[in-house]
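Okay, structure first, notes after.
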Amino acid sequence: AQSVAQPEDQVNVAEGNPLTVKCTYSVSGNPYLFWYVQYPNRGLQFLLKYITGDNLVKGSYGFEAEFNKSQTSFHLKKPSALVSDSALYFCAVRDTTSGTYKYIFGTGTRLKVLA
Amino acid sequence: DSGVTQTPKHLITATGQRVTLRCSPRSGDLSVYWYQQSLDQGLQFLIQYYNGEERAKGNILERFSAQQFPDLHSELNLSSLELGDSALYFCASSDAGGPKETQYFGPGTRLLVL
Numbered sequence: 006a007q008s009v010a011q012p013e014d015q016v017n018v019a020e021g022n023p024l025t026v027k028c029t030y031s032v033s034g035n036p037y038l039f040w041y042v043q044y045p046n047r048g049l050q051f052l053l054k055y056i057t058g059d060n061l062v063k064g065s066y067g068f069e070a071e072f073n074k075s076q077t078s079f080h081l082k083k084p085s086a087l088v089s090d091s092a093l094y095f096c097a098v099r100d101t102t103s104g105t106y107k108y109i110f111g112t113g114t115r116l117k118v119l120a
Numbered sequence: 217d218s219g220v221t222q223t224p225k226h227l228i229t230a231t232g233q234r235v236t237l238r239c240s241p242r243s244g245d246l247s248v249y250w251y252q253q254s255l256d257q258g259l260q261f262l263i264q265y266y267n268g269e270e271r272a273k274g275n276i277l278e279r280f281s282a283q284q285f286p287d288l289h290s291e292l293n294l295s296s297l298e299l300g301d302s303a304l305y306f307c308a309s310s311d312a313g314g315p316k317e318t319q320y321f322g323p324g325t326r327l328l329v330l
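Structure (structure tokens):
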């Protein structure tokens, strides 16, 4: 079965420091991986995706993610965190086995950037 | 703004009642997905429509149903509501629903069943 895991419920980082939000995946076939961010009382906003090609994917708001096939990971990174980055982050994998292509989401990681 | 709209934003109702949630996809998108976000279950896929036809079902209860209309907007109907149905309901849309496409999410409808 296809799945993603976000091992950390919460990540705290000081403003200006680099941040990493971890995601590991388990898929059969090619992985299609996505990161979304959810601010309070808002919907999910798309940040970036990995389909194929370069292992380093650049996305919105200065975020990037590194795809690592050998470690089956897709960690979200940002070189310098902002207080406004504080939100709930979801990693998702596309389900390519059932014909729906629905998202399978991780449990989410709450990022707190401290001033 | 993703271009996906959902109404209403909030809904408070009683157990046993029936409600309808509405979603308008981005212009040109044919595929609509419904997801439920709850504290204990996280984000779960409910159902998908493509160009008016049901394409796939996920963890959707029999008390729940959905449809997609000719103008491509979609409605999620929840009936015989229970306390445990309280959650945030999102719809998302994409162009054709293929695996490489990004799904764009609406702001959600927060349902509270009392």
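Protein sequence lines correspond, in order, to chains A and B. The working numbering numbers the first residue of the first sequence as 6 and each following residue consecutively. The working numbering numbers the first residue of the second sequence as 217 and each following residue consecutively. Using N, Cα and C, we set each Cβ at its ideal position, and we do this for glycine too.
List, in chain order, every chain B residue whose beta-carbon is nearer than 7 angstroms to that of L105 of chain A. The question names Leu, but residue 105 of chain A in the sequence shown is Thr. The answer, in chain order, is Q264, R271 and A272.
Going by beta carbon distance, what residues of the same chain come within less than 7 angstroms of A303 of chain B, once the five residues before and after it are set aside? Q252, Q253, S254 and L327.
Separation of L297 of chain B from G314 of chain B, as counted between CA atoms: 33 angstroms
Check whether chain C comes within 9 angstroms of Q319 of chain B, counting only Cβ atoms and requiring the distance to be less than that. Of the protein chains in this structure, namely A and B, none is chain C.
According to the neighbour-count rule (16 or more other Cβ atoms, all chains shown, within 10 Å of its Cβ), is F72 of chain A buried or exposed? buried
For Y44 of chain A, return the contacting residues in chain B, with the cut-off set at a CB-CB distance below 8 angstroms. Near Y44 of chain A there are no residues of chain B at all, since even the closest Cβ is about 10 angstroms away, more than 8 angstroms.
Proximal chain B residues relative to K63 of chain A, where beta-carbon distance stays under 9 angstroms: The premise fails here: K63 of chain A is roughly 15 angstroms from chain B at the closest Cβ pair, so nothing lies under 9 angstroms.
Expressed to the nearest angstrom, what Euclidean distance is found between the alpha-carbon atoms of V88 of chain A and F68 of chain A? 14 angstroms
Is it true that the CB of T101 of chain A sits closer than 9 angstroms to the CB of G48 of chain A? The answer is no: Cβ separation not under 9 angstroms.
For G113 of chain A, which residues from the same chain have a beta carbon less than 7 angstroms from its beta carbon, with the 5 sequence-adjacent residues on both sides left out? Q11, L93, Y94 and F95
Cβ of F306 of chain B within 9 angstroms of Cβ of Q222 of chain B? yes
Let me see if you follow: with CB-CB separation under 9 angstroms, is Y66 of chain A close to chain B or not? no
G38 of chain A in three-state terms, based on DSSP: In the sequence as presented, Gly is not what sits at residue 38 of chain A; that position holds Leu. If DSSP states are grouped into helix, strand and coil, L38 of chain A belongs with the strands.
Let's test the definition: count the other Cβ atoms within 10 Å of the Cβ of A120 of chain A and tell me whether it reaches 16, buried, or not, exposed. exposed
Reducing DSSP to helix, strand and coil, say where S85 of chain A ends up. coil
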